[in-house]
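When the letters of the sequence shown are read in order and numbered with our numbering, they come out as residues 1260 to 1615. Glycine included, every Cβ here is placed at the ideal spot set by N, Cα and C.
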Amino acid sequence: MFRKTFAKWALVMASAMLLSHGALGQGKPNVVILATGGTIAGAGADVTNSATYQAAKVPVDKLIASVPQMANVANVRGEQIFQIGSESLRNDNLMTLGKRVSALVKQNDVDGIVITHGTDTTEETAYFLNLVVKTEKPIVVVASMRPGTAMSADGTLNLYNAVVVAGSKDARGRGTFVVMNDEINSGRDVSKMVNIRPEAFKSPWGALGMVVEGKNYWFRKLDKRHTTNSEFDIDKIDALPLVEIAYAGGNVNDTAYRAFANAGAKAIIHAGPGNGSVAATLVPVLQELRGKGLHIIRSSHVNAGGFVLRNGEQPDDKYDWIVAHDLNPQKARILASVALTATGDTKELQRIFMEY
Ligand code: GLU
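Here it is, written out as structure tokens:
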């Protein structure tokens, strides 16, 4: 009797382990690499071409084959989702990617996700997934600044590190990541700060940790709401509304703002200087557009971290405007697009901008 029960128990345990670590698990985590293109899949004519090359050329199987050491740390399989430069990524692509990630993380035989991506909009995709995918499992967006054909290419180590993080238990529940140049940055905070050299990505509030020789070293946690603690869920979103960014330097005109309004934008991100400042000639225009139902979101294009204070530079309460706080314009566009699927109320939108 005891033997029979034990045999039954052993069988249940064995199948549970197979489910959680995959049929060929051998104790290693299962990581799915979703490839979308970018320089990490790029190829140049010569090894000296570190900046002149074609992005989005190398298919996912070849990318995986280029780093056989990944097999020591995870069971890795790949899917080619897109093969494009990330500057061409559209909301539809974000939706497709988000829904695929959401479906994968629900599988028991998937422990983590890596998304290979172009650097141009890595920060947008990582933030989007941080907002809408309900999971504790690590989701890592990885990119490279040099194509694999170049001298001192950074893609292979970045990819290896990304797989390490995606397969790590200690990376769970911390939101999405961008792993590049040995740093683990939060998908929420990180931004491309320079468009040349491997040390291109930084977070204004610092990295979450480092990944070195197959091990993670953590320094802080993201305090903002994300993933399982987010009120947004990709499974319940069908499409993202149109949100546009209007860049404002000196001598700014109302042309772009009015054109965006006419094109049916639901919100305009004002990418202003300093504290999201608005030129005197623009203030009545933005008031008028708000009166027509468009949301006006003041953000800052200050490179290393803008910080827009509500009612600081402009009386936002009076004008019924919103501030993006520390989100740069491109991240503000992502959050506004997601938030507008749930509410059109200014107070609610402002709450969301402070919480995420
Ligand atoms: N513009 C391309 C992209 O974002 C290549 C840049 C890169 O990945 O570094 O996909």
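At a cut-off of 7 angstroms, is residue i close to ligand 1 when judged by its beta-carbon and the heavy atoms of the ligand?
i: G1344; result: yes
i: T1311; result: no
i: G1446; result: no
i: T1408; result: no
i: G1414; result: no
i: G1303; result: no
i: T1375; result: no
i: M1404; result: yes
i: A1314; result: yes
i: T1378; result: yes
i: G1533; result: no
i: T1384; result: no
i: T1298; result: yes
Tell me the residue span of the beta strand (DSSP E) that contains residue i.
i: Q1342; result: 1334-1343
i: K1474; result: 1474-1477
i: N1289; result: 1289-1296
i: Y1578; result: Per DSSP, Y1578 belongs to no beta strand (DSSP E); it is in the alpha helix (DSSP H), 1575-1578.
i: E1503; result: 1502-1506
i: I1372; result: 1371-1375
i: V1400; result: 1398-1401
Take residue i as the anchor and find which of the options has the nearest alpha-carbon.
i: A1402; options: N1420, H1584, S1558, D1320; result: N1420
i: L1499; options: P1457, I1556, L1594; result: L1594
i: F1341; options: A1294, R1431, V1360; result: A1294
i: A1526; options: E1572, T1600, V1335, D1482; result: T1600
i: N1521; options: L1553, G1468, Q1546, N1352; result: L1553
i: S1347; options: R1592, V1423, H1376, S1427; result: H1376
i: N1534; options: A1330, E1472, D1585; result: D1585
i: G1301; options: E1442, E1572, D1413; result: D1413
i: G1296; options: S1309, N1289, L1548, P1318; result: P1318
i: P1406; options: Q1313, A1598, R1433; result: Q1313
i: L1501; options: Y1476, T1311, G1523, R1517; result: G1523
i: G1531; options: P1588, N1570, V1423; result: P1588
What are the boundary residues of the alpha helix (DSSP H) that includes residue i?
i: T1381; result: 1381-1391
i: R1517; result: 1514-1521
i: I1593; result: 1588-1598
i: G1357; result: 1350-1364
i: A1324; result: 1319-1324
i: I1611; result: 1605-1614
Return the bridge partner residues of residue i from the DSSP annotation.
i: M1469; result: E1442, Y1476
i: H1554; result: A1526
i: S1450; result: K1461
i: V1511; result: V1511 pairs with nothing; no bridge assigned.
i: I1581; result: I1556
i: A1302; result: Q1313
i: G1531; result: S1559
Please report whether the beta-carbon of residue i lies at a distance below 8 angstroms from any beta-carbon of chain B.
i: G1296; result: Protein chain content of the structure displayed is limited to a single chain, and chain B is not contained in it.
Would you list, in sequence order, the uninterrupted alpha helix (DSSP H) runs of no fewer than 4 residues that lie entirely inside the region 1414-1444? 1414-1425
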